[in-house]
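K.L.:
Provided herewith is a single structure, encoded as structure tokens, for subsequent inquiry.
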Amino acid sequence: MNGPIELTTGQVVTAGALIAVSAILSLRLQLGLHGRLLWASARCVVQLLLIGCVLRWIFKPNQPWYVIASLAIAMSLIAGFVAIGRSERRYAGMLLDSVVSVWACSWFVTVIVLAAVVRPEPWYQPQYAIPFLGMILHNTLNGISLGLNRLGNDLVQRRRQIETLLALGATRWEAARSIVQQAIRTGMIPTINAMTVMGIVSLPGMMTGQLVAGVDPIQAVKYQMVIMFAIAAASALGTFGVVLLAYRRLFSADHQFLPDRIRTVRE
Amino acid sequence: MTIDTPLLEAQRVGRRHPDGQAWLLKDVSIQVHPGEAVAVQGPSGAGKTLLLRALALLDPIDEGEIRFHGHCPRHHDVPDTRRQAIYLHQRPELTGPTVEAALRLPFTLAVHRGRDFDRPWIAERLERLGRDASFFAQPTSELSGGEQQIVALLRAMQLDPVVLLLDEPTASLDAQASGAIERLVLDWKAERPDQRAFVWVGHDTAQATRMTDRVIPLRHGRLDQEASP
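Just so you know, the sequences run in chain order H and A.
When you number the first sequence by my numbering, it's gap-free, plus one each residue, and the end is 280.
When you number the second sequence by my numbering, it's gap-free, plus one each residue, and the end is 518.
Written out as structure tokens, the structure is:
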């Protein structure tokens, strides 16, 4: 296998010209997106350069564990914040629930993958730990975001159904069960869909990266399988965790639904 | 529990607005004894529905206590208390594609385990209201407001509660539908006149006088002492 082709800055700039295609399309069709497109491209360049520099430093041999842990903590906190950013309904404590769920589930699964499956030496070797955690966090936050959004909307829209059940003697779990189940299902579907079409419709980013880097395709496929199973587990656990935490905040121990705690950010 | 213990009681109940400032209910104490029919009356915003929901333990209260048979139900007791003191919403949610599915719904809940859906019992009451067995198969989406209220009432009554908490059950219904609801409630109570009770929230003073033994006036979330008889 050949190693990857080293890219020069000029080659990246040439690729950057492709952004002009989208910008021209936006201008011609009056989509009003060209400004946002250029801003997004600029952010993309700056963010990637920054993370490149950080990773180059982190990947240095014999980096102490607390340096790697600091980056992992920062990534997890940001994921927790981002996960609730798209929610139309908010409640007090939602951010904490999101951070706890993203953190606990992603770290749990990542540690299992590193320590029990891939087994680098040491197990927290940043070259493996950071990309794995990053991919797992990204998918977990997506699941959490979708699950919370669905839960909030359904609780508001199906309030009378919940209260009818409670009034007839339902426990809080009986009254909320179908809504909780639907929210968890919603959070898990993107990962299931991604696994279903994997390798047919698209080649996933990690596998593509390894192929470009000259790794044997079968090895690349094995890595991709490991990461997909990890993503499926973390995303399911994260969505389940956050929905359950939200349920406990929005239903009291006296089997009361507390819709006053939910506020609508946008319809 | 003594012989004078009320069936259901609110003791100095208070509830604040969710923003924590104004009181929506304050210092409200009422008692409902077995065999009683009580009306809660007052202008819009007086807190009638809030009081009824508090009695059904559906909303948290900030002050006071709700007692059922002399005890304050907490945690695991709450579903069983709600089985015996059922709140009916002004616009009922039937939650089922057909009338029969809506009527069967409560039997899926743990608190009603061991009880079975009694079709002949329901059919008999429907017949008294001029509806035959085909009503069971009727889609709930096609029911009139009065019919929805009838199904919601029968769904509650079949569970053999001791108290019905009725939140404006005849609001926006025509005279005929209102009459059917009134008859259904009075017949239910008459089956065990010394044990069953209901609390009726409404605006119609004549109806309250006709349906109940006494009226509790409510104003600005407090008992209206001036209007009390």
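Note that beta-carbon positions come from the ideal geometry of N, C-alpha and C, so glycine has one too.
Note that the structure is predicted; figures quoted are calculated from it, not measured.
1. Do you know offhand how far H/Tyr-260's Cα is from A/Val-302's?
2. Roughly how many angstroms separate the alpha carbons of H/His-268 and A/Glu-354, rounded to a whole number?
3. Would a C-beta distance cut-off of 8 Å place H/Val-115 and H/Ala-142 closer than the cut-off?
4. Please go through the same chain and pick out, in chain order, the residues whose beta-carbon is closer than 8 Å to the beta-carbon of A/Ala-399, but skip the five residues on each side of it.
5. Would you kindly report the start and end of the unbroken beta strand (DSSP E) that includes A/Gly-303?
6. For the candidate residues H/Met-220, H/Val-113 and H/Arg-262, whose alpha-carbon lies nearest to that of H/Ile-91?
7. What are the residues in the segment 93-109 of chain H lying within 9 Å of chain A by C-beta distance?
8. Contact check, A/Leu-313 vs A/Gly-336 under 8 Å by CB: the rounded distance?
9. For H/Tyr-7, count neighbouring Cβ atoms within 10 angstroms of its own Cβ and tell me buried if that reaches 16, exposed if not.
10. Taking the Cβ atom as the reference point for each residue, do H/Asp-167 and H/Val-255 lie within a distance shorter than 8 Å?
11. Nearest chain A C-beta to H/Gly-165 closer than 8 Å, yes or no?
12. Opposite H/Gly-277 in the DSSP bridges: which residues?
13. Considering just the uninterrupted stretch of the alpha helix (DSSP H) at H/Lys-235, what are its terminal residues?
14. Helix, strand or coil for A/Ile-319, going by three-state DSSP, please let me know.
15. Between H/Gly-251, H/Trp-70 and H/Ala-266, which has its C-alpha nearest H/Ser-119's C-alpha?
16. Quick one: is H/Arg-190 near chain A, going by C-beta distance under 8 Å?
17. If contact is defined by three or more beta carbon pairs under 8 Å, each pair taking one atom from either stretch, is the segment 373-386 of chain A in contact with the segment 187-205 of chain H?
18. May I ask you to report which of helix, strand or coil DSSP gives A/Glu-354?
19. Leaving out five residues before and five after H/Leu-108 in sequence, what residues of the same chain have Cβ atoms less than 8 Å from its Cβ?
20. Name, going along the chain, the residues of the segment 252-268 of chain H whose beta-carbon falls closer than 7 Å to a beta-carbon of chain A.
21. Report all residues from its chain with a CB closer than 8 Å to the CB of H/Leu-50; omit the five preceding and five following residues, and keep chain order.
22. Are A/Ile-319 and A/Ile-470 close, meaning C-beta to C-beta below 8 Å?
23. Rounded to the nearest angstrom, what separates A/Thr-338 and A/Gln-373 at their Cα positions?
24. Just to confirm, is the Cβ distance from H/Gly-165 to A/His-401 under 8 Å?
25. What residue range does the beta strand (DSSP E) around A/Ala-328 cover?
26. Can you name, in chain order, every residue of its own chain whose Cβ lies under 6 Å from the Cβ of H/Met-241, other than the five neighbours on each side?
27. Against chain A, does H/Gly-182 count as a neighbour if the rule is that its beta carbon must be under 8 Å from one of theirs?
28. Run the CB neighbour count on A/Glu-389, radius 10 Å, all protein chains shown included, and call it buried at 16 or more, exposed below.
29. Determine, using beta carbons only, whether H/Asp-273 comes closer than 8 Å to chain A.
30. Are the CB atoms of A/Leu-296 and A/Leu-454 within a distance shorter than 8 Å?
31. Does any C-beta atom of chain A lie closer than 8 Å to the C-beta of H/Thr-177?
32. In whole angstroms, what separates the C-alpha of H/Leu-146 from that of H/Ala-245?
33. Are there 16 or more other CB atoms within 10 angstroms of the CB of A/Ser-467, so buried, or fewer, so exposed?
34. Per DSSP, what are the beta-bridge partners of A/Val-504 in this structure?
35. Tell me the DSSP secondary structure of A/Pro-518 in three-state form.
36. Just the chain H side, please: which residues come within less than 7 Å of A/Val-367 by C-beta, in chain order?
P.N.:
According to the structure data:
1. Within the first sequence, residue 260 of chain H is the residue found at index 247, counting from 1. Within the second sequence, residue 302 of chain A is the residue found at index 13, counting from 1. In a straight line, the C-alpha of H/Tyr-260 is about 27 Å away from that of A/Val-302.
2. Stepping through the first sequence from its first residue, residue 268 of chain H is reached at position 255. Stepping through the second sequence from its first residue, residue 354 of chain A is reached at position 65. Each residue's Cα considered, the two are about 16 Å apart.
3. As a position in the first sequence, residue 115 of chain H is number 102, starting the count at 1. As a position in the first sequence, residue 142 of chain H is number 129, starting the count at 1. Not in contact: H/Val-115 and H/Ala-142 (Cβ atoms no closer than 8 Å).
4. The residue labelled residue 399 of chain A in the question sits at position 110 within the second sequence. Only residues of its own chain outside the window of five on either side were considered, and among them Pro-368 have a CB closer than 8 Å to the CB of A/Ala-399, listed in chain order.
5. The count along the second sequence starts at 1 and reaches residue 303 of chain A at position 14. It spans 297-305 - the beta strand (DSSP E) in which A/Gly-303 sits, taken as one unbroken run.
6. Within the first sequence, numbered from 1, the residue matching residue 91 of chain H stands at position 78. For H/Ile-91, the nearest C-alpha among the options comes from H/Val-113.
7. Listed by position along the chain: nothing, the set is empty.
8. Walking along the second sequence from the start, residue 313 of chain A turns up at place 24. Walking along the second sequence from the start, residue 336 of chain A turns up at place 47. For A/Leu-313 against A/Gly-336, the beta-carbon gap comes to about 6 Å, under 8 Å, which counts as contact.
9. Lying before the first or after the last residue shown, residue 7 of chain H is absent from chain H, which here runs from 14 to 280.
10. For the purposes of this step, residue 167 of chain H is taken as residue 154 along the first sequence, with counting starting at 1. For the purposes of this step, residue 255 of chain H is taken as residue 242 along the first sequence, with counting starting at 1. In this structure, H/Asp-167 lies away from H/Val-255, with their beta-carbon atoms at least 8 Å apart.
11. For this step, residue 165 of chain H is matched to residue 152 along the first sequence. So, not an interface residue.
12. Locating residue 277 of chain H in the first sequence gives position 264, where the first residue counts as 1. Reading the sequence as shown, one finds Thr at residue 277 of chain H and not Gly. Looking at the DSSP assignment, H/Thr-277 forms a beta bridge with H/Arg-102.
13. For the purposes of this step, residue 235 of chain H is identified with residue 222 of the first sequence, where counting begins at 1. Counting along the chain, the unbroken alpha helix (DSSP H) around H/Lys-235 starts and ends at 230-263.
14. For the purposes of this step, residue 319 of chain A is taken as residue 30 along the second sequence, with counting starting at 1. Residue state, collapsed to three classes: strand.
15. For this step, residue 119 of chain H is matched to residue 106 along the first sequence. For the residues H/Gly-251, H/Trp-70 and H/Ala-266, the minimum Cα distance to H/Ser-119 belongs to H/Gly-251.
16. One-based indexing of the first sequence puts residue 190 of chain H at position 177. At a cut-off of 8 Å, the C-beta of H/Arg-190 has no neighbouring C-beta in chain A.
17. Pairwise C-beta distances place the segment 187-205 of chain H out of contact with the segment 373-386 of chain A, as fewer than three of them are shorter than 8 Å.
18. Position 65 of the second sequence holds residue 354 of chain A. Strand.
19. As a position in the first sequence, residue 108 of chain H is number 95, starting the count at 1. Once the five neighbours on either side are set aside, the close Cβ partners of H/Leu-108 are Gly-93, Phe-94 and Ile-97.
20. Residues Ser-265, Ala-266, Asp-267 and His-268.
21. Position 37 of the first sequence holds residue 50 of chain H. Here the set comprises Ile-32, Ser-35, Ala-36 and Ser-39.
22. Looking up residue 319 of chain A in the second sequence gives position 30. Looking up residue 470 of chain A in the second sequence gives position 181. No, Cβ-Cβ distance for A/Ile-319 and A/Ile-470 is not below 8 Å.
23. Your numbering for residue 338 of chain A matches position 49 in the second sequence. Your numbering for residue 373 of chain A matches position 84 in the second sequence. Between the C-alpha atoms of A/Thr-338 and A/Gln-373 there is a straight-line separation of about 19 Å.
24. The sequence position of residue 165 of chain H within the first sequence is 152, counting from 1. The sequence position of residue 401 of chain A within the second sequence is 112, counting from 1. No. Outside cutoff.
25. Start at 1 with the first residue of the second sequence, and residue 328 of chain A comes out as number 39. Where A/Ala-328 is concerned, the enclosing beta strand (DSSP E) stretches over 326-330.
26. On the first sequence, position 228 is the one that residue 241 of chain H refers to. The answer, listed in chain order, is Met-208.
27. As a working mapping, residue 182 of chain H is identified with position 169 in the first sequence. Yes, because at least one Cβ of chain A sits closer than 8 Å to the Cβ of H/Gly-182.
28. One-based indexing of the second sequence puts residue 389 of chain A at position 100. The residue in question, A/Glu-389, is buried, as its Cβ has 16 or more Cβ neighbours within 10 Å.
29. Here residue 273 of chain H is taken as the residue at index 260 of the first sequence, counted from 1. Residue-level contact by beta carbon holds for H/Asp-273 and chain A, with a gap shorter than 8 Å.
30. If you number the second sequence from 1, residue 454 of chain A lands on position 165. If you number the second sequence from 1, residue 296 of chain A lands on position 7. In this structure, A/Leu-454 keeps its C-beta atom at 8 Å or more from the C-beta atom of A/Leu-296.
31. Within the first sequence, the letter at position 164 stands for residue 177 of chain H. Look at H/Thr-177: its C-beta is under 8 Å from a C-beta on chain A.
32. By one-based count along the first sequence, residue 146 of chain H stands at place 133. By one-based count along the first sequence, residue 245 of chain H stands at place 232. Their Cα atoms are separated by approximately 13 Å.
33. Here residue 467 of chain A is taken as the residue at index 178 of the second sequence, counted from 1. In this structure A/Ser-467 is buried. Its beta-carbon is surrounded by 16 or more other beta-carbon atoms within 10 angstroms.
34. Position 215 of the second sequence, counted from the start, is the residue given in the question as residue 504 of chain A. DSSP links A/Val-504 through a beta bridge to A/Ala-328.
35. Reading the second sequence from its first residue, position 229 is the one you call residue 518 of chain A. For A/Pro-518, the predicted structure reports a pLDDT of 49, less than 50, and the residue's modelled location is therefore unreliable. The matter cannot be settled from this model.
36. Reading the second sequence from its first residue, position 78 is the one you call residue 367 of chain A. In chain order: Asp-267 and His-268.
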